[in-house]
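**Student:** Numbering (this note's numbering), first residue to last: 75 to 461. From the three backbone atoms N, C-alpha and C, an ideal C-beta is built for every residue, glycine too. Keep in mind the model is a prediction, meaning the values are calculated, not measured. Sharing a structure below in structure tokens format, with a few things to ask.
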Amino acid sequence: MENIKKIFILFVCLMMLGFLVPKNTYAETVSIEDILEAMPAEEIIAVECSTGQVLMEKRSTDVCEISHLAKLMLALLAAEKIESGELSLTDTVTVSAKANSMPAPQIWLDKNEKITVEELIKAITISNANDAAVALAEYIYSSTDEAVAKMNCKAKSLGMDSTTYADVCGLDDRTRSDAADTAILASELVKYDILTPYFTSWIDHVRGGKAELVNLNRLVRTYKGITGMKACSSATAGECSVATAKRGKMEIAVVVLKCSDRTLCDDIAKKLLDMCFDVYSLYTPEISEDMLKKIPVILGEESKVSVGFGELSAVIVPKGSSESFDISFDKEKELSAPVKKGQVCGKLVCRYGDQVIYSADLVAENGVKEKDFSFCLKILLNYLLKF
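If you want it as structure tokens, here you go:
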């Protein structure tokens, strides 16, 4: 399976990334790792958001400074608060002296100025405004220190083990993460549709038109299916991009860190998205009616039990490969009472050659008790009462 995956990726990469390798120099030894290595960025990763499957990566666990990408975690916490009803887009925030003192990029907030939560979210998602990030963090959590604590707590709960936030803006050189953790964060953010209009805006205005917001993520203008996320740069973090896009049911997040040039960074993100959509597809096996027929239960209070696979998760496979999958299905012809809810009654397995691509357990959807004397007596009495 791994070799097949690489062949598919390699084929697309060679067609799409020819500018990275001189023409007529391809050899049979060229691999996806070679192609990624040729990309002028220190860290790269591409994942499918719903499954978390890593599709390609290059040194994705090297911890480094992440600059304004730290604001993605603040955006996630704000989205959670909005969804739970604890925060409203129409809430009015009073700007503090600390927010007013933040360096560029900013929206030039004045001390004691009134501004809505929606405008602040726009300023940190479309743009990278530091004063807006501090104002929003202080409004939600009373202080930036408390906000940082919540950001680190959320990172830990998501399994972002290499991530540490020291501030809400990403200006502190102790705020560090890696491409793999950032992809986890992006995969969580795409669940919140409320943020999509902001992440995909090219230009907007806040403060009554006094501050213009321009999205550094150029893919929002040109890439089909784009859903976000953020682009930024700093002297120590280099050029960074997080981009998410969805086509059909598959949503891809790519992270590019520490690139030397903005245009190259954007181009790498685009090429990674193109490769993923061209090479991969989501696969979930089709379930027939026969698979879900009830199973007879011997000596049970009910004669049959309903069965199902629950919510079948999808997996990522190379496009077109599912036509060659060998699908096998085994199911119990009958069960003996008692039957427990969730008891395994069968198994569906999809193989490609000797490798298992997909498997799912068929389980009892409810429990069935064994017949006892009192149950049999009750049935007998009900039968006699009918006469």
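(1) CB-CB under 6 Å to residue 374, same chain, minus the five flanking residues each way: which ones, in chain order?
(2) What is the residue span of the alpha helix (DSSP H) that residue 261 lies within?
(3) To the nearest angstrom, how far is it from the Cα of residue 194 to the Cα of residue 209?
(4) Among 285, 399, 238 and 323, which one has its Cα closest to the Cα of residue 248?
(5) If you drop the 5 nearest sequence neighbours on each side, which residues of the same chain put their C-beta closer than 7 Å to that of residue 152?
(6) In terms of alpha-carbon separation, which member of 118, 318 and 356 lies closest to residue 273?
(7) Whole angstroms are fine: how far does the CA of residue 339 sit from the CA of residue 143?
(8) Can you grab the Cα-Cα spacing for the pair residue 444 / residue 385, in whole Å?
(9) Any chance the region 321 to 332 sits against the region 101 to 121, with 3 or more Cβ pairs inside 8 Å?
(10) Suppose the cutoff is 6 Å on Cβ atoms and the five residues either side in sequence are ignored; what does the same chain contact list for residue 189 look like?
(11) Counting only the same chain and skipping the five closest in sequence on each side, list residues whose C-beta sits under 6 Å from that of residue 391.
(12) Is the separation between the beta-carbon of residue 405 and that of residue 355 shorter than 7 Å?
(13) Taking the Cβ atom as the reference point for each residue, do residue 418 and residue 437 lie within a distance shorter than 7 Å?
(14) Can you name the start and end residues of the beta strand (DSSP E) that residue 190 belongs to?
(15) Per the contact definition of three or more C-beta pairs closer than 8 Å, is the region 218 to 231 in contact with the region 299 to 306?
(16) Tell me whether residue 356, by its Cβ, gets closer than 6 Å to a heavy atom of the ligand FAD.
(17) Going by beta-carbon coordinates alone, are residue 207 and residue 169 separated by less than 7 Å?
(18) So what does DSSP say about residue 75, is it helix, strand or coil?
(19) Would you kindly work out how many angstroms separate the C-alpha atoms of residue 291 and residue 365, rounded to a whole number?
(20) Might you give, ordered along the chain, the residues of its own chain that have their beta carbon closer than 8 Å to the beta carbon of residue 408, omitting 5 neighbours on each side?
(21) Expressed to the nearest angstrom, what Euclidean distance is found between the alpha-carbon atoms of residue 95 and residue 282?
(22) Output needed for residue 278: all residues of its chain with C-beta closer than 7 Å, excluding positions within five of it in sequence on either side, in chain order.
(23) Which residues share a DSSP beta bridge with residue 403?
(24) Just tell me which of 246, 245 and 254 has its CA closest to the CA of residue 236.
(25) Distance, Cα to Cα, residue 359 vs residue 124?
(26) Is it the case that the Cβ atoms of residue 311 and residue 131 are separated by a distance below 7 Å?
(27) Let me know if residue 97 comes out buried or exposed under the rule of 16 or more other beta-carbons within 10 Å of its beta-carbon.
(28) According to DSSP, which residues form a beta bridge with residue 370?
(29) Residue 250 by DSSP, collapsed to three states: which one?
(30) Which one of 186, 362, 351 and 308 has the shortest CA to CA distance from residue 173?
(31) Within 10 angstroms of its Cβ, does residue 321 collect 16 or more other Cβ (buried), or is it exposed?
(32) Here's a check: name, in chain order, each residue in its chain whose Cβ is nearer than 7 Å to the Cβ of residue 323, leaving out the five neighbours to either side.
(33) In the DSSP assignment, find the alpha helix (DSSP H) that holds residue 243 and state where it starts and stops.
(34) Go through its chain and collect everything with a Cβ distance to residue 306's Cβ below 7 Å, but skip five positions before and after it.
(35) Going by C-alpha to C-alpha distance, which of 431, 110 and 259 sits closest to residue 146?
(36) Between residue 425 and residue 399, how many whole angstroms is the CB-CB distance? I'm expecting something under 8 Å.
**Tutor:** This is what the structure holds:
(1) Counting only Cβ-Cβ distances below 6 Å, and skipping sequence neighbours, we find 411 and 442.
(2) Here the alpha helix (DSSP H) through residue 261 covers 253 to 263.
(3) Answer to the nearest angstrom: the Cα atoms are 8 Å apart.
(4) If we check each option's Cα against that of residue 248, 238 comes out closest.
(5) The answer, listed in chain order, is 161, 195, 210 and 214.
(6) Of the candidates 118, 318 and 356, 318 places its Cα closest to the Cα of residue 273.
(7) Roughly 15 Å separates the two Cα atoms.
(8) Whole-angstrom Cα-Cα distance: 28 Å.
(9) Between the region 321 to 332 and the region 101 to 121 there are three or more inter-stretch CB-CB distances shorter than 8 Å, so the stretches are counted as touching.
(10) Only 167 meet the Cβ criterion.
(11) Excluding sequence positions up to five before and after residue 391, its CB lies within less than 6 Å of the CB of 357, all in the same chain and listed in chain order.
(12) Not closer than 7 Å, so no.
(13) In contact: residue 418 and residue 437 (Cβ atoms closer than 7 Å).
(14) Segment 188 to 190, the beta strand (DSSP E) holding residue 190.
(15) No, the region 299 to 306 does not touch the region 218 to 231.
(16) Absence of the ligand FAD is noted for the structure shown, with no ligands found whatsoever.
(17) No, the Cβ-Cβ distance between residue 207 and residue 169 is not below 7 Å.
(18) Here the model assigns residue 75 a pLDDT of 45, short of 50, so the residue's position is not dependable and the matter cannot be decided.
(19) Going from the Cα of residue 291 to the Cα of residue 365 covers about 47 Å.
(20) For residue 408, same chain residues with a beta-carbon under 8 Å away, outside a window of 5 residues either side, are 369, 370, 371 and 372 in chain order.
(21) Only weak support exists for where residue 95 lies, its pLDDT of 38 falling under 50; the value from the coordinates is given anyway. Looking at the backbone, the Cα of residue 95 and that of residue 282 are separated by about 49 Å.
(22) Taken in chain order, the residues that qualify are 196, 200 and 287.
(23) Paired residue(s): 422.
(24) Of the candidates 246, 245 and 254, the one whose C-alpha sits nearest the C-alpha of residue 236 is 254.
(25) Between the alpha carbons of residue 359 and residue 124 lies a distance of about 17 Å.
(26) Contact: no.
(27) Note on residue 97: pLDDT 37, under 50, position unreliable in the model; no value is reported.
(28) Listed as beta-bridge partners of residue 370 by DSSP are 378.
(29) Judged by DSSP in its simplified three-state form, residue 250 adopts strand.
(30) Taking only the C-alpha atoms, the option nearest residue 173 is 186.
(31) Residue environment: residue 321 is assigned as exposed (fewer than 16 neighbouring CB atoms within 10 Å of its CB, all protein chains considered).
(32) Non-local beta-carbon contacts of residue 323 in its own chain, meaning distances under 7 Å to residues more than five positions away in sequence, involve 356 in chain order.
(33) For residue 243, no alpha helix (DSSP H) segment is defined, and its DSSP state is neither H nor E.
(34) Contacts found: 141, 142, 143, 202, 290 and 314.
(35) Of the candidates 431, 110 and 259, the one whose C-alpha sits nearest the C-alpha of residue 146 is 259.
(36) So it is a contact: roughly 7 Å between Cβ atoms.
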